[in-house]
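Okay, structure first, notes after.
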Amino acid sequence: MKKFSLYYVFLLIVLGSCKEKQVASEQPVPLLDKVSAQYELLYDNALPFMDTDTPMPRTIVDGKLHTVGVYDWTSGFHPGSMWNLYKLTNNEEWKNRATHYTKLLDTTQYWEGTHDLGFMIGDSYGNALKYENNADYEKVMVQAAKSLSSRFKPNAGIIQSWESNDRWQCPVIIDNMMNLEMMFEATKISGDSTFYQIAVIHADTTMAKHFRKDYSSYHVLDYDTKTGEVLKRNTAQGYKDESAWARGQAWGLYGFIVMYRETKNLKYLNQAKHIARFIMNHPNLPENKVPYWDYNAPVTAQTPRDASAAAITASALYELSTYVEDDLNSAYINEANTILETLSKEPYLAEVGTNEGFLLKHSTGHLPNDSEIDVPINYADYYFLEALIRQREMVK
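If you read the sequence shown in this note's numbering, its first letter stands for residue 1, the second for the next number, and so on.
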């Protein structure tokens with residue numbers, strides 16, 4: 001802790017002196033040093049909440065750090081980001097911190113009231129298993145997959161997202177594709193193919209019913225759990241029912257890339273390529289590749305961007321590039337590189353010592369609900385760090 005704090009202070013001094021006087025011979029502070037120092041600030045700012053009911057930093061509200069409990073759907077991203085920092089820096093302190101925060105999520109493995117266990121458990125315990133063979137962690141992953149499986153509706157062929165309500169009988173959101181990776185990991189650990197089969201069925205149903213002819217995705221589909229009929233196609237977080245919510249397109253892209261990785265079924269690779277083409281060629285995608293919060297939202301100088309959607313897309317494209325050749329390989333890498341170049345500097349990368357320690361600015365969570373608009377959000381940082389890891393692996 002002391003070593004990290006001294007380094008953080010030193011880096012602030014260096015950055016401050018660079019502002020006062022630019023010298024031609026000065027070398028810019030490496031991105032990884034900036035990122036490490038900035039996340040050190042977030043870690044320190046979150047420490048006072050460690051023993052409260054809301055230990056996980058999520059965003060900034062009214063200029064102050066906003067933390068949430070372990071049952072919030074974003075709770076896995078803080079430990080996940082620290083696992084990513086451990087991968088990037090090889091500094092054991094990040095591993096120790098990630099381990100502590102990961103274990104805070106232990107009880108959520110039994111929660112059957114959410115579809116988001118892939119985010120909560122997969123990004124914490126799932127990442128931990130990349131760096132440590134731990135039977136207890138494996139048990140958590142398998143139990144979480146069992147809990148998620150309880151939401152599977154066989155007649156409809158989907159994992160239910162939100163609970164039934166006055167608007168929807170069985171809502172399923174495109175975000176749900178991101179929870180399937182945990183199901184595959186649970187099968188590898190346990191040998192129980194049920195999790196694998198549920199993931200495949202859910203993905204096949206989503207591919208058949210959630211996408212339009214141009215391979216953009218609806219946000220919410222409502223299913224009849226007895227007949228499997230689609231009752232409604234709506235949005236909750238997008239501009240309109242028929243619009244393309246930016247982060248939703250990124251979730252779909254990432255999810256079908258995972259499906260191809262885990263099954264090697266070419267239909268999933270083709271689906272991912274179609275989604276990538278929709279995103280990369282959309283006429284409303286800005287030149288710097290950070291999309292507006294919805295691809296069909298009216299564009300003015302005040303229209304919010306979504307850095308989180310950009311970060312997810314960049315990370316996904318790096319992986320997708322490894323499954324294709326020649327021109328497509330270069331196109332995906334170049335697109336991802338452009339996104340990372342944009343996110344790695346102002347106005348998106350926060351200056352060290354600001355932004356409560358969050359890395360990225362200008363994400364949009366739920367604009368129709370007037371929630372988390374043009375703010376830092378923890379999952380943007382998580383996928384930004386993951387994209388940096390994947391970019392580095394591409395160079396290797």
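Where is the CB? At the ideal position from N, CA and C, for every residue including glycine.
Short Cβ contact (8 Å threshold) for residue i with residue j
i, j, result
"TYR295", "ASN288", "no"
"ILE174", "GLY248", "yes"
"ILE312", "ALA236", "no"
"ASN84", "ILE389", "yes"
"VAL230", "GLN38", "no"
"THR206", "ALA156", "no"
"ALA297", "TYR239", "yes"
"HIS210", "TYR223", "no"
"MET178", "PHE119", "yes"
"ASP194", "TRP293", "The question names Asp, yet the displayed sequence has Thr at residue 194. Not in contact: THR194 and TRP293 (Cβ atoms no closer than 8 Å)."
"THR102", "PRO79", "yes"
For residue i, three-class secondary structure by DSSP
i, result
"TRP251", "helix"
"LYS289", "coil"
"SER363", "strand"
"TRP245", "strand"
"HIS219", "coil"
"PHE256", "helix"
"VAL23", "With a pLDDT of 38 at VAL23, under the threshold of 50, the predicted position of this residue should be treated as unreliable, though the coordinate-derived value follows. It is coil, neither helix nor strand."
"LYS139", "helix"
"TYR382", "helix"
"HIS100", "helix"
"ARG167", "coil"
"VAL230", "strand"
"ASP224", "coil"
"ARG305", "strand"
"LYS130", "helix"
"THR194", "helix"
"LEU349", "strand"
"MET50", "coil"
"VAL375", "strand"
"VAL395", "helix"
"VAL29", "coil"
"VAL70", "coil"
"LEU65", "strand"
"ASP44", "helix"
Selection from the options that minimises the alpha carbon distance to residue i
i, options, result
"ALA309", "PRO57, GLY252, LYS240 and ASP33", "GLY252"
"SER75", "GLU40, VAL35, ASP116 and LEU65", "ASP116"
"GLY63", "ILE373, TYR86 and ASN234", "ILE373"
"LEU221", "GLN160, LYS95 and ASP204", "GLN160"
"ILE189", "VAL200, LYS95, ALA145 and LEU269", "ALA145"
"THR52", "PHE152, VAL70, TRP162 and GLY157", "VAL70"
"LEU180", "ALA246, LYS87 and TYR260", "TYR260"
"TYR383", "GLN197, ASP123 and GLN302", "ASP123"
"VAL395", "ILE333, LYS267 and PRO291", "ILE333"
"LEU266", "LYS130, LEU320 and TRP73", "LEU320"
"ASP72", "GLU341, ILE121 and ASN90", "ILE121"
"ALA137", "THR114, ASP106, ASN165 and TYR223", "In the sequence as presented, Ala is not what sits at residue 137; that position holds Tyr. Checking every option, the nearest Cα to that of TYR137 belongs to ASP106."
"TYR86", "GLY80, ILE279 and TRP94", "TRP94"
"LEU367", "VAL375, ASN176 and ASN165", "VAL375"
"THR338", "VAL290, LEU31, HIS282 and LYS361", "VAL290"
"ARG167", "ARG233, THR67, ILE198 and TYR318", "ARG233"
"LYS361", "ASN91, THR300, ALA307 and MET178", "ALA307"
"LEU317", "ASN91, ASP326, ALA336 and ASP327", "ALA336"
"LYS273", "ASP327, ILE158 and VAL299", "ASP327"
"ASP204", "THR263, ARG151 and TRP111", "THR263"
"LYS139", "GLN169, ARG151 and THR187", "THR187"
Supposed close pair residue i, residue j - CB separation, criterion 8 Å
i, j, result
"ASN378", "ARG58", "5 Å"
"ASP269", "TYR323", "The sequence shown places Leu at residue 269, rather than the Asp named in the question. The pair is a contact, with the Cβ atoms about 6 Å apart (cut-off 8 Å)."
"ALA246", "SER315", "About 15 Å separates the two Cβ atoms, so there is no contact after all."
"SER149", "THR89", "About 36 Å; that fails the 8 Å criterion."
"MET56", "THR67", "6 Å"
"ASN165", "HIS202", "That belief does not hold up - the Cβ atoms of ASN165 and HIS202 are roughly 21 Å apart, past 8 Å."
"LEU340", "GLN271", "Their Cβ separation, rounded to whole angstroms, is 24 Å, which puts LEU340 and GLN271 out of contact at 8 Å."
"GLU356", "ILE60", "5 Å"
"SER147", "TYR110", "6 Å"
Burial state of residue i (16 or more Cβ within 10 Å)
i, result
"VAL142", "buried"
"HIS100", "exposed"
"ALA46", "buried"
"VAL200", "buried"
"VAL172", "buried"
"TYR125", "buried"
"GLN302", "exposed"
"VAL258", "buried"
"PRO48", "exposed"
"ASP381", "buried"
"TYR43", "buried"
"ARG97", "buried"
"THR300", "exposed"
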